[in-house]
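> Structure below; questions to follow.
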Amino acid sequence: MSITFLNKVTLSLSAKFTFSKSMDEKLWKKCIDFHGHVCPGLAFGYKASETAAEILRIPMEKAKDEEIVCISENDACGVDCIQYLLSCTVGKGNLLFRVTGKPVYTFFRRDSKKGIRLVVRDFNKDLYSREELIQHILDSPADDIFDISEPRFKLPEKARKFQSITCECCGESAREDKIRLQDGKKVCLDCFESYERSFL
Ligand SMILES: [Zn+2]
Ligand SMILES: [Zn+2]
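So the mapping is simple: our numbering equals the position in the sequence shown, first residue as 1, plus 1.
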């Protein structure tokens, strides 16, 4: 499972960093463009995507729609790499958040249902400068950066289609599972909450 990189070469895109030959520098640059800045969080996301792609045998940047599902336990910088590299998006329903605030990512292949759980290992980040830390994350073997194990939960079901219900209070329509009953009327969460607030 160890993904070891050898033969470091200088990255032309940024003189600050050097990368292994096996790392795709162009993809890393595209991730930086997508995210808007370079940061250690992005490097963790790159590494997580690369590791998931390697283990689940999905080509990065060419992942088909909904081929891979990611459940992220944080909503930080690294998620942007996962969106860009593995085509996991909120809109398609194959990027889900279960925000425990942990640096944990679970990935599944939809077809084989095979999955992995990646947990960023604790290490003393103070030993590195910001640039060195990014370099370290990108260059280290995957199992130096992550604890890699089986998922702790099952592959989530595909996005369901719901009926729309018109709120009897404000007239706006909403997915039926988000509608509440209030005084016998079907109301949206906005109207339901404003009713609850009136009791505070
Ligand atoms: Zn960032
Ligand atoms: Zn309403």
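Where is the CB? At the ideal position from N, CA and C, for every residue including glycine.
Among all the DSSP beta bridges, which residues are the ones paired with A175?
Against the sequence shown, residue 175 aligns to sequence position 174. DSSP lists I166 as partners of A175.
> So what's R118 in DSSP terms, helix, strand or just coil?
The residue you call residue 118 lines up with position 117 of the sequence shown. DSSP places R118 in strand when its eight states are reduced to three.
> Within the region 107-161, note down every full alpha helix (DSSP H) run reaching 4 residues or more, in order along the chain.
Taking only runs of at least 4 residues, the alpha helix (DSSP H) segments lying wholly in the region 107-161 are 131-140, 143-146.
> Answer yes or no: do L139 and A54 have a C-beta to C-beta separation smaller than 8 Å?
Taking the first residue of the sequence shown as 1, we reach residue 139 at position 138. Taking the first residue of the sequence shown as 1, we reach residue 54 at position 53. No. Outside cutoff.
> Do you know offhand how far F98's Cα is from S73's?
Residue 98 sits at position 97 when you count from the first residue of the sequence shown. Residue 73 sits at position 72 when you count from the first residue of the sequence shown. Each residue's alpha carbon lies about 5 Å from the other.
> Which residues count as close to ligand 2 when the rule is a CB under 6 Å from any of its heavy atoms, in chain order?
Any residue whose Cβ sits closer than 6 Å to a heavy atom of ligand 2 makes the list: C168, C170, C171, E173, V188, C189, D191, C192.
> C78: beta carbon under 7 Å from a heavy atom of ligand 1?
As a first step, residue 78 must be located in the sequence shown, where it is residue number 77. Checking every heavy atom of ligand 1 against the Cβ of C78, one is found closer than 7 Å.
> Could you tell me whether the region 129-137 touches the region 98-116, using the rule of 3 or more Cβ pairs below 8 Å?
Result no; under three Cβ-Cβ pairs closer than 8 Å.
> So what's V80 in DSSP terms, helix, strand or just coil?
Position 79 of the sequence shown, counted from the start, is the residue given in the question as residue 80. Helix at V80.
> When burial is assigned at 16 or more other CB atoms within 10 Å of the CB, is C82 buried or exposed?
Against the sequence shown, residue 82 aligns to sequence position 81. The residue in question, C82, is buried, as its Cβ has 16 or more Cβ neighbours within 10 Å.
> Using DSSP with H/G/I as helix, E/B as strand and the rest coil, what is A16?
The residue given as residue 16 occupies position 15 in the sequence shown. Residue confidence is low: A16 scores 38 on pLDDT, short of 50, so the model does not pin down where it sits. No coordinate-derived value is stated.
> Below 7 Å, is the gap between the Cβ of L43 and the nearest heavy atom of ligand 1?
Translated into positions along the sequence shown, residue 43 becomes position 42. It does: the Cβ of L43 is within 7 Å (strictly closer) of some heavy atom of ligand 1.
> Given Q1, which residues of its chain have a CB within under 7 Å of its CB, disregarding the five upstream and five downstream residues?
Residue 1 lies beyond the residue range present for the chain, which begins at 2 and ends at 201; the question has no answer from this structure.
> Going by C-alpha distance, which of I59, I69, V105 is nearest G79?
As a position in the sequence shown, residue 79 is number 78, starting the count at 1. The shortest C-alpha separation from G79 is found at V105.
> Using DSSP's beta-bridge definition, name the partner residues of R181.
Against the sequence shown, residue 181 aligns to sequence position 180. Paired residue(s): V188.
> Would K186 and C171 qualify as a contact pair, given that the criterion is a beta-carbon distance under 8 Å?
What you label residue 186 is simply residue 185 of the sequence shown in a count that begins at 1. What you label residue 171 is simply residue 170 of the sequence shown in a count that begins at 1. No, the Cβ-Cβ distance between K186 and C171 is not below 8 Å.
> Once the 5 residues before and after F147 are set aside, which same chain residues still bring their CB inside 8 Å of it?
What you label residue 147 is simply residue 146 of the sequence shown in a count that begins at 1. Answer for F147: K48, A49, T52, L119, V120, V121, R122, listed in chain order.
> Could you round the C-beta distance between I166 and A175 to whole angstroms and report it? I think they count as a contact, below 8 Å.
Residue 166 sits at position 165 when you count from the first residue of the sequence shown. Residue 175 sits at position 174 when you count from the first residue of the sequence shown. At roughly 6 Å, the Cβ-Cβ gap stays under 8 Å, so I166 and A175 are in contact.
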